[in-house]
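Protein chains in written order, with this note's numbering: chain A, 1 to 185; chain U, 1001 to 1151.
Cβ coordinates follow ideal geometry from the N, Cα and C atoms, glycine included.
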């Protein structure tokens, strides 16, 4: 097993009307976008975005993003109790990954892996040196920070510290702030 | 390497476009049936925005504690207009009232409350129940599936 397992957060699945629906984890940026769209939908109706109906729309926008679907399609097709169940599954999954990737637990896991796994070492080293212009734009490294989940951000910080701690032997303690910044910033 | 999960398009979740309709007795009229169609999110929002608009036309800009009960009643009118259908039809085109105004005039507050509450209970129990059944079936299927290399 190598660090590539962390590059994209695993989706979870739930059965809806007999079909398996995949729900992806969302980055903070995508959550903000979904919430912005929900707010805009309400303001378009000249209604303040708050209350249980706004919460329903907000959840639908978040779920649409997690399902890689269109919010208006979910609005037209689902009943609120279905949205509720999807939301519970998605929220539990998002929360679960965040707790698994708690700094302490993940640091311990990385200690083991960085020491034992040659792939991890090579992968981590390449990523550390390449920084945001990593030649693997579709993967975890080199992606704009705004697209990463909280757990992935924790992971970035931990990879960096673990790498320095275990493999650079103090030679590169100063890490460029550009490493964790979007290339567009 | 695990296969990439396939995206299920929302269109694939649609059945034959038939709607869930619960047949209930008209309150106080034993034997008289009416269809109570489960409203989807878009229809419930439509009802909510319509109720807000009615309120705004009456000069209420904010729904405060004093206005809350009247707003709930208006919301029930909007819901009843959209969800009460011919019990034999599973189609929103077969509403029993022609307009919101007719719904407001013909239904008394107790009837509106009864239908709104029944809709909420049936819808919650119905959709959640179906999803729980799905999960159960999935669990049973896993149990009978032979382990890898066993077959």
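Neighbouring residues, chain U, relative to residue i (Cβ below 8 Å)
i             : result
residue 45(A) : 1049 and 1052
residue 62(A) : Within 8 Å Cβ-Cβ: nothing; residue 62(A) doesn't reach chain U, min ~13 Å.
residue 65(A) : Simply none; closest approach about 13 Å.
residue 56(A) : 1041, 1044 and 1045
Proximity of residue i and residue j at Cβ, strictly below 8 Å
i               : j               : result
residue 1024(U) : residue 1036(U) : yes
residue 47(A)   : residue 1052(U) : yes
residue 57(A)   : residue 38(A)   : yes
residue 1110(U) : residue 1030(U) : no
residue 1123(U) : residue 69(A)   : no
residue 23(A)   : residue 66(A)   : yes
residue 1056(U) : residue 1075(U) : no
residue 1034(U) : residue 1107(U) : no
residue 14(A)   : residue 34(A)   : no
residue 1081(U) : residue 1090(U) : no
residue 64(A)   : residue 74(A)   : yes
residue 59(A)   : residue 83(A)   : yes
Extent of the continuous alpha helix (DSSP H) run through residue i
i               : result
residue 1103(U) : 1100-1106
residue 1077(U) : 1065-1083
residue 77(A)   : 71-77
Where residue i sits in the DSSP three-state scheme
i               : result
residue 84(A)   : helix
residue 1151(U) : Because residue 1151(U) sits at a pLDDT of 36, beneath the cut-off of 50, its placement in the model cannot be relied upon, and the point is left open.
residue 1118(U) : helix
residue 48(A)   : coil
residue 13(A)   : strand
residue 1035(U) : strand
residue 90(A)   : helix
residue 25(A)   : coil
residue 20(A)   : strand
residue 1057(U) : helix
residue 1090(U) : coil
residue 1095(U) : strand
residue 1029(U) : coil
residue 1040(U) : coil
residue 1062(U) : coil
residue 133(A)  : Reliability fails at residue 133(A), whose pLDDT of 35 lies under 50, so the model's placement of it is uncertain and no value is given.
Partners in chain U for residue i, counting only beta-carbon separations shorter than 7 Å
i             : result
residue 49(A) : Correct list: empty, because the minimum Cβ distance to chain U is about 12 Å.
Where the beta strand (DSSP E) through residue i begins and ends
i               : result
residue 1025(U) : 1021-1025
Min CB distance residue i to chain B below 8 Å
i             : result
residue 35(A) : Included in the structure are the protein chains A and U, with no chain B among them.
Interface residues of chain A facing residue i [CB-CB closer than 9 Å]
i               : result
residue 1096(U) : Simply none; closest approach about 21 Å.
Check distances from the C-beta atoms of the segment 1013-1042 of chain U to those of chain A and list, in chain order, the residues that come in under 9 Å. 1013, 1014, 1015, 1020, 1038, 1039, 1040, 1041 and 1042
Residues, ordered as in the chain, of the segment 1113-1126 of chain U that lie near chain A by beta-carbon distance below 7 Å: 1123 and 1124
Listed from N- to C-terminal order along the chain, which residues in the segment 65-79 of chain A have their beta-carbon within a distance smaller than 9 Å of any beta-carbon of chain U? 67, 68, 69, 70, 72, 73, 74, 75, 76, 77, 78 and 79
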